[in-house]
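Heads up: the structure comes next, in structure tokens.
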Ligand code: HEM
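In our numbering, the protein residues as written are 282 to 465.
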């Protein structure tokens with residue numbers, strides 16, 4: 282990857298972070314920021330756009346969220362604690378589940394391997410498979426979108442956008458749980 286030279290305030294705050302025990306060199310910061318910008322910018326921006334889209338289509342959810350934020354401001358002297366905004370968190374998690382900005386990824390087998398399946402699959406010829414034999418070099422396409430809509434994990438309404446699934450006490454992490462954040 283080409284070196285990206287940054288002159289942003291973020292760059293300077295990383296370089297001048299007084300709490301850091303060890304300092305990164307400018308080369309290290311430059312190398313890391315290339316990845317951070319690519320991985321962090323469009324993913325976050327697109328997820329936020331989906332949040333705004335969802336809210337723009339549901340006045341009741343807008344009102345609920347506005348009320349939650351107003352109450353939190355009033356109760357905490359004008360400070361907002363993200364972890365104490367349950368409806369906002371529910372909307373964000375449901376957006377990440379329903380509209381994943383990284384819909385799929387890939388892995389390449391570094392060696393011959395056997396991939397066990399948590400749920401058996403039936404092939405076109407009618408054979409039931411509980412594992413897949415992988416040859417070295419084979420690419421596996423992993424669908425986050427598919428996982429995020431599995432009814433065995435998310436329930437029968439997996440195909441519905443419903444932020445309340447995160448709030449109504451139901452277990453959204455049944456079956457095989459793999460996600461690093463909120464099982465997503
Ligand atoms: C809503 C926001 C985000 C989403 C949906 C998202 C999604 C993902 C996904 C799906 C992966 C795994 C890709 C794979 O393994 O094939 C990933 C990896 C990564 N993300 Fe994010 N990401 C988000 C925000 C960010 C931000 C803000 C940063 C950095 C500031 C970031 C940095 C990274 C990095 C460095 C990796 C690679 C990790 C590794 O392979 O060890 N991401 N992200």
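Note that the Cβ used here is the ideal one computed from N, Cα and C, for glycine as well.
For the stretch 410-452, which segments carrying the alpha helix (DSSP H) assignment without a break, of at least 4 residues, lie completely within its bounds, in sequence order? 425-429, 432-435
Using a Cβ distance threshold of 8 angstroms, determine whether the stretch 375-387 contacts the stretch 415-429, with at least three qualifying pairs required. yes
Please state whether DSSP places residue 459 in a helix, a strand or coil. coil
Check whether the Cβ of residue 426 sits closer than 7 angstroms to any heavy atom of the ligand HEM, and report yes or no. no
Skipping 5 residues on each side, what residues in its chain have a beta carbon closer than 7 angstroms to that of residue 324? 382, 383
How about the stretch 324-339 and the stretch 371-379: do they share at least three Cβ pairs that are nearer than 8 angstroms? yes
At a cut-off of 7 angstroms, would you count residue 463 as near the ligand HEM, judging by its Cβ distance to the nearest heavy atom? no
Ordered along the chain, which non-local residues of its own chain (more than five positions away) have a Cβ less than 8 angstroms from that of residue 448? 367, 368, 371
Below 8 angstroms between beta carbons: does that hold for residue 336 and residue 346? yes
Cα-Cα separation, residue 404 to residue 415: 16 angstroms
Quick one: residues in its chain with C-beta nearer than 7 angstroms to the C-beta of residue 365, no 5 flanking neighbours on either side, listed in chain order? 353
Within the same chain, show all residues whose beta-carbon is closer than 7 angstroms to that of residue 439, passing over the 5 residues directly before and after it, in chain order. 430, 431, 432
Under 6 angstroms Cβ to Cβ from residue 321, same chain only, skipping five residues before and after it: list those, please. none
Backbone secondary structure at residue 399 - three-state DSSP: strand
Helix, strand or coil for residue 386, going by three-state DSSP, please let me know. strand
Proximity to residue 410 [Cα-Cα], best of 419, 418, 396, 417: 396
Could you give the DSSP three-state label for residue 283: helix, strand or coil? With a pLDDT of 48 at residue 283, under the threshold of 50, the predicted position of this residue should be treated as unreliable, though the coordinate-derived value follows. Reduced to three states, the DSSP call for residue 283 is coil.
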